[in-house]
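According to the working numbering, the first sequence holds residues 156 to 434 in order. Working notes, beginning with the structure itself.
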Amino acid sequence: MPELPEVETMCRGIGSIVGMRIDGVDRPSCPCRPCVIEPDVTTLDQRLRHQLVAAIERRGKRVILRFEDDARLVIEPRMSGLVLLTDPPSNEHLRLRIRLSADSRPATELLVWDRRGLGTIRLLTAAEFESRVDQRLGPDALVIEAERLRERLKATARPIKVALLDQSVVAGIGNLYAAEILFVAGIDPRTRCDRLSRARWERVHMAIKEVLEEAIANEGSTLSDGTYRNALNNPGGYQNLHRVYDRQDQPCVRCPNGRIRRIVQAQRSTFFCGGCQKR
DNA sequence: CATATGTCCTGAGAGC
DNA sequence: TGCTCTCAGGACATAT
């Protein structure tokens, strides 16, 4: 499930298409039902043909191709989407193909593959991007300042773990990294936001940076279902460094007698150490 | 306004 | 073996 580190790895992996022009967009012959693509593939092809990829950007968990006129192709992988420059994990769930070329470089294809098909692909004008993406998302988790994070949450009664998943508060943290972040911060995920001291907000903020940067350095997490791959179809390595996620009943790596617990918050699994994560 | 719930989807794993 | 059932999770729409 691509969260910020996986999406950042995807973006870095497709950086080589910056400066290339789009020769065409189509949907590879594939038995799967199309995922959300706006506008439809034919219109997308007409609008994007000959456009130069000016930049690859990331905002939260979205991959963004920016063009010269500031239009943006916004790709949300959600649960199982990938962007690839090589052959996908299977030919069964290919959703979109973007053919690119440049004078001095070999032609290439950017593929969007999505096993579950919950992801979305949208071409937005600069104004649409502003209203539909930029304004709806909180600051990116790698950029947000400690005081801004606290300002946004100090008055709410929501549990800290649930609040960190809210993309309108801070963008990029999902279920896996929320658990890892709160372990590093030493905070019980059930703690109400309005009961956290300023010092503990500082710890949450530091843990966000530390965990996400470490995960990016390891190219994200590929879970046991094997879905997540980088742009070259290689798995990440951070799953080997998880301290709590999917480790229920295993010993805590930090405190002597702690065991990792699994509870459910907002219909999602939460993993934490009952020994050293404090309310 | 703040918060909670239902929905989309596929494949893995459990249980019979 | 092979069927049916449940579950996982991100973001959005809808309900309270």
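Positions of the beta carbon are idealized from the N, C-alpha and C atoms, including for glycine.
Residue i vs residue j beta-carbon contact at 9 Å
i	j	result
LEU387	THR241	yes
ARG307	VAL325	yes
VAL288	ARG214	yes
GLY392	TYR383	no
LEU239	VAL196	no
LYS216	ILE342	no
LEU292	GLN322	yes
HIS360	ARG409	no
TYR400	GLU335	yes
ILE172	LEU228	no
ILE415	GLN422	no
ILE253	GLY179	yes
Residue environment, residue i, which counts as buried when at least 16 other CB atoms sit within 10 Å
i	result
ALA296	buried
7 Å CB neighbourhood of residue i in its chain, flanking five on each side removed
i	result
ARG202	LEU278
Cβ-Cβ separation, residue j to residue i (assumed contact under 8 Å), whole Å
i	j	result
LYS316	GLN420	6 Å
MET234	VAL208	Not really, about 26 Å apart at Cβ, beyond 8 Å.
ASP269	CYS166	That belief does not hold up - the Cβ atoms of ASP269 and CYS166 are roughly 17 Å apart, past 8 Å.
GLY429	GLU161	Not a contact, Cβ separation roughly 28 Å.
Distance between residue j and residue i (C-alpha atoms, nearest Å)
i	j	result
ILE192	VAL339	38 Å
ARG271	ARG250	11 Å
ILE169	ILE211	8 Å
VAL367	LEU265	Correcting the residue type first, residue 367 is Leu in the shown sequence and not Val. Cα-Cα distance, rounded: 26 Å.
GLU158	ARG221	20 Å
GLY274	GLY381	17 Å
ALA318	CYS431	21 Å
ARG417	PRO294	29 Å
LEU378	MET156	8 Å
PRO261	ASN389	22 Å
VAL441	ARG355	Given that the chain is displayed from residue 156 to residue 434, the structure contains no residue 441 and the question cannot be resolved.
Same chain only: Cβ atoms within 6 Å of residue i, ignoring 5 sequence neighbours per side
i	result
GLY236	ASP269, GLY274
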